[in-house]
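The next block holds one structure in the form of structure tokens; read it before the comments.
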Amino acid sequence: MLTHLDSQGRANMVDVTDKAVTFREAVAEARIRMLPQTLQMIVDGEHPKGDVFAVARIAGIQAAKKTSDLIPLCHPLMLTSVKVELSAEGTDTVHIVARCKLAGQTGVEMEALTAASVAALTIYDMCKAVDRGMTIESVRVLEKQGGKSGHYQADAP
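Add 95 to the 1-based position in the sequence shown for my numbering, that's all there is to it.
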């Protein structure tokens with residue numbers, strides 16, 4: 096059942112008024128592939144625009160807080176924690192993991208996905224002058240806890 100549709104099939108925001116306030120947490124990931132020399136430049140701190148990981152981390156955190164402004168039917172949430180971790184993976188990939196938490200009436204998967212996606216987009220934006228062929232991939236929820244649907248953990252890729 097698609098909860099964002101009413102009985103006539105029209106889009107609507109889900110009513111969470113009667114849902115219990117519970118601890119909720121979601122973890123999402125994204126990867127951005129690039130030329131090995133681009134990743135090396137980032138890791139060595141030699142990018143002319145500055146610390147790529149620091150800027151992408153801040154962008155991801157800001158994006159999580161703005162998710163309801165970007166995704167039309169998302170509820171505005173009072174996040175209690177947003178963490179965005181970026182790390183080099185192999186010779187050509189940045190792995191991004193975003194974790195969002197709150198005590199609330201609806202989940203935080205969209206916030207975690209948005210944080211991971213925008214962090215990846217920020218890396219692309221900062222590095223596009225030296226590597227236009229970067230690809231953003233594997234954006235997905237890794238884990239979700241809390242709420243009526245309980246615990247979800249993604250299978251290994």
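Here a beta-carbon is modelled for each residue, glycine too, at the ideal position from N, C-alpha and C. Since the model is a prediction, treat every value here as computed from it, not as a measurement.
For residue i, three-class secondary structure by DSSP
i: Cys195; result: strand
i: Lys243; result: coil
i: Val147; result: helix
i: Lys152; result: For the sequence presented, residue 152 should be read as Arg rather than Lys. Looking at Arg152 - three-state DSSP - the assignment turns out to be helix.
i: Ala106; result: strand
i: Val234; result: strand
i: Ile127; result: strand
Straight-line gap, residue i to residue j (C-alpha atoms, nearest Å)
i: Thr162; j: Phe118; result: 19 Å
i: Pro171; j: Gln200; result: 11 Å
i: Glu184; j: Leu130; result: 12 Å
i: Gly202; j: Tyr219; result: 28 Å
i: Ala210; j: Ala249; result: 18 Å
i: Leu174; j: Arg105; result: 28 Å
i: Leu237; j: Ala198; result: 20 Å
i: Asp164; j: Met136; result: 34 Å
i: Asp110; j: Thr186; result: 46 Å
i: Gly245; j: Ala121; result: 11 Å
Pick from the options that is closest to residue i, judged by C-alpha positions
i: Leu134; options: Val234, Asp164, Cys222, Ser244; result: Cys222
i: Lys114; options: Gly155, Glu184, Lys243; result: Lys243
i: Ala251; options: Arg235, Gly241, Ala159, Gln240; result: Arg235
i: Val192; options: Thr175, Gly140, Glu232; result: Glu232
i: Val138; options: Ala123, Thr188, Cys195; result: Thr188
i: Ala158; options: Leu208, Val109, Glu124; result: Leu208
i: Asp226; options: Ala123, Gly104, His142, Val122; result: His142
i: Gly228; options: Gln132, Asp164, Ala214; result: Gln132
i: Thr230; options: Gly140, Gly104, Arg126, Gly245; result: Arg126
i: Glu124; options: Gly245, Gly241, Ala214, Ala224; result: Ala214
Those residues which DSSP pairs with residue i across a bridge
i: Leu181; result: Ile191
i: Glu120; result: Lys196, Gln240
i: Ile137; result: According to DSSP, which records beta bridges pairwise, Ile137 is partnered with nothing at all.
i: Thr248; result: Contrary to the premise, residue 248 reads as Gln rather than Thr in this sequence. According to DSSP, Gln248 bridges with Glu238.
i: Ser176; result: Lys196
Chain-order list of residues whose beta-carbon lies under 6 Å from that of residue i (same chain, five-residue window excluded)
i: Phe148; result: Leu181
i: Met205; result: Thr162, Ile166, Cys169
i: Tyr247; result: Lys239
i: Lys178; result: Arg194
Cβ neighbours of residue i in the same chain (closer than 7 Å, five flanking residues each side left out)
i: Thr217; result: Val150, Ala151, Ala154
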